[in-house]
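Notes to accompany the following structure.
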Amino acid sequence: MDESSAPDEHLSRLMARAQQGDSNAYVTVLRAITPRVRQLVRTRRQFLGESDVEDVVQEVLLSVHAVRATYDPARPLMPWLSAIVRHRLADAGRRYVRQGAHEVGVDDLDVTFQAPAANSREETFDDLDALAQAIQALPPGQRQAVELLKLRELSLKEASALTGMSIGALKIATHRAITSLRRMLRRIHEG
Amino acid sequence: MKTDDLIERLSRDVAVAKPLPAPGIRTAAWMVWSLCYLVAVAVMMAAVMSSTAVVATPLYFVQQGAALVTAVMAARAALASVIPGSNNRVWVIPAVGAGVWGLSLVWAGVLDLQASGTLGVTSQTDWPCVISMLVGGLVVGSPLVWMLRRGAPLTPRLTAFLAALAALSVANIEACLTRPHAFALTVLLWHGGTVAAVAALCGLTGRRWLRWPDLTTR
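Residue numbers (our numbering), protein chains in the order written: chain V, 211 to 401; chain F, 32 to 249.
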């Protein structure tokens with residue numbers, strides 16, 4: 211049977227087994243509900259891009275995992291799942307609005323001088339040896355955050371899963387690391 | 032991380048997650064704890080105060096009965112609100128209970144006015160009751176919060192408001208049992224004010240203490 215079209219009754223039974231610690235049943239349930247969740251997210255947030263949709267889908271799966279004990283096997287699974295999707299979408303919407311309130315949209319950047327250096331949007335630093343040394347001088351937590359997020363360009367979720375640090379802690383560590391690096395490199399540059 | 036990888040990670044060595052009992056059963060468990068608290072306080076207070084301190088009129092029983100119904104229904108509504116897919120109009124019955132409770136106090140105030148010619152607004156301050164309600168609310172409310180945190184914080188503000196309403200309704204019964212009040216309006220203003228203020232504060236801060244677990248560290 212195609213997992214994504216499995217009838218609710220079958221899913222309920224599988225979820226009940228998953229609650230008892232059956233990994234195979236659990237992976238089947240998660241695989242079966244993922245396309246439905248993705249469809250729900252796409253339908254209700256049509257303006258979201260594919261990567262944003264996938265972020266919400268993953269958030270829903272994490273939530274399902276966190277509160278799987280709230281599912282009553284005697285009841286159908288889909289209303290339970292839909293309620294989680296609906297509330298996680300609302301949370302994502304609130305987060306989106308909050309972030310938007312702190313961002314300023316710039317349609318056209320003013321050109322100051324014709325020289326390429328003056329129009330670079332990236333913060334660049336040529337002395338790579340000094341940069342490597344400065345990164346090595348960071349405290350371990352900050353160094354790890356920079357390596358994962360800035361050098362290996364992992365997402366916050368991926369870095370968090372790898373390190374066991376929370377997303378908030380990673381953001382703080384990265385912010386502090388960048389501030390320290392700026393200070394160290396300015397000192398090298400000036401002296 | 033790809034979604035397929037996430038699914039693999041979540042299902043690897045998945046722990047047993049015993050389904051939570053129905054909200055009604057969890058409410059009953061919480062009420063047993065709350066009643067034990069009420070009995071303990073009543074027994075302790077009986078040892079130190081006169082048995083005639085509280086005058087139990089029929090209206091007094093209506094007030095305490097309405098407070099008890101509000102407590103039970105608010106606790107049940109709070110516990111149901113952390114179960115995805117449950118009825119989202121669960122707050123209606125506790126609202127009715129709280130309404131009856133408020134109206135019975137207003138009616139008692141009218142009777143006071145007829146009997147004494149005053150509402151007694153300035154005759155009695157009630158800080159001891161406020162303090163005992165805050166302490167009692169904490170004792171009774173803590174296990175309820177623990178129970179709620181095992182659910183899904185879908186509507187944290189409403190859940191927190193209902194939990195505070197439940198805990199403080201029980202604490203109000205304890206305060207009314209152990210301290211006599213000459214005028215009903217004192218109870219309405221001081222007890223009702225405490226319940227309203229604390230429940231509103233809990234509702235406003237609900238998102239801070241009823242949050243989705245941070246799964247990335249699990």
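For every residue, glycine included, the Cβ atom is placed at its ideal position computed from N, Cα and C.
The beta carbons of residue 149 of chain F and residue 107 of chain F sit no closer together than 8 Å. Bounds of any alpha helix (DSSP H) do not take in residue 113 of chain F, whose DSSP letter is neither H nor E.
Taking the CA atoms as reference points, residue 68 of chain F sits about 25 Å from residue 122 of chain F. Neighbours of residue 43 of chain F in chain V, taken as residues at a C-beta separation under 8 Å, are given in chain order as 233. Not a single C-beta of chain F is nearer than 8 Å to the C-beta of residue 360 of chain V. Judged by beta-carbon spacing, residue 237 of chain F lies beyond the 8 Å limit of residue 202 of chain F, meaning their Cβ atoms are not closer than that value. In the DSSP assignment, residue 87 of chain F falls outside any alpha helix (DSSP H) and carries neither an H nor an E. When Cβ-Cβ separations below 8 Å define contact, residue 34 of chain F makes contact with chain V. One thing to note: residue 298 of chain V has its Cβ within 8 Å of the Cβ of residue 270 of chain V. For residue 218 of chain V, the enclosing alpha helix (DSSP H) begins and ends at 218-229.
For residue 200 of chain F, the uninterrupted alpha helix (DSSP H) run begins and ends at 187-209, by DSSP. Taking CB atoms only, residue 245 of chain V has no neighbour in chain F less than 8 Å away. Excluding the 5 residues flanking it on each side, residue 92 of chain F has no same chain C-beta neighbour closer than 7 Å. A residue is called buried when at least 16 other Cβ atoms come within 10 angstroms of its Cβ; residue 147 of chain F does not meet this threshold and is exposed. Contact check for residue 235 of chain V against residue 48 of chain F fails: the beta carbons are separated by 8 Å or more.
Judged by DSSP in its simplified three-state form, residue 92 of chain F adopts helix. For residue 182 of chain F, at least one C-beta of chain V is nearer than 8 Å to its own C-beta.
Annotation for residue 380 of chain V: the continuous alpha helix (DSSP H) segment containing it runs 377-400.
By the neighbour-count criterion, in which a residue is buried when 16 or more other Cβ atoms sit within 10 angstroms of its Cβ, residue 65 of chain F is buried.
Each residue's CA atom was taken as its position, placing residue 286 of chain V and residue 243 of chain V some 13 Å apart.
Rounded to whole angstroms, the separation of the alpha carbons of residue 117 of chain F and residue 245 of chain V is 23 Å. Listed by position along chain V, the residues whose Cβ is nearer than 7 Å to that of residue 106 of chain F form an empty set, because the closest Cβ is around 17 Å away. At the C-beta level, residue 151 of chain F and residue 217 of chain F come within 8 Å of one another. Proximity of chain V to residue 46 of chain F at the Cβ level (cut-off 7 Å) is accounted for by 231, in chain order. Under the 8 Å criterion on CB atoms, residue 381 of chain V is classed as non-interfacial with respect to chain F. Interface residue (Cβ-Cβ distance to chain V less than 8 Å): residue 54 of chain F is not classified as such. By the CB criterion at 8 Å, residue 128 of chain F and residue 97 of chain F fall inside the cutoff.
Listed along chain V, no residue sits closer than 7 Å to residue 174 of chain F by beta-carbon distance, the nearest being about 18 Å off. In the displayed model, residue 352 of chain V falls within a helix according to three-state DSSP. Interface flag for residue 115 of chain F against chain V is set, since a Cβ pair is found closer than 8 Å. Chain F places a beta carbon closer than 8 Å to that of residue 279 of chain V, counting this residue as a contact. If you look at residue 179 of chain F, you'll find it in the alpha helix (DSSP H) that goes 158-179. With respect to the C-alpha of residue 343 of chain V, the residue from V/291, V/390, V/276 having the closest C-alpha is V/390. At least 8 Å separates the CB of residue 249 of chain V from every CB of chain F.
Residue environment for residue 346 of chain V: exposed (fewer than 16 other C-beta atoms within 10 angstroms of its C-beta).
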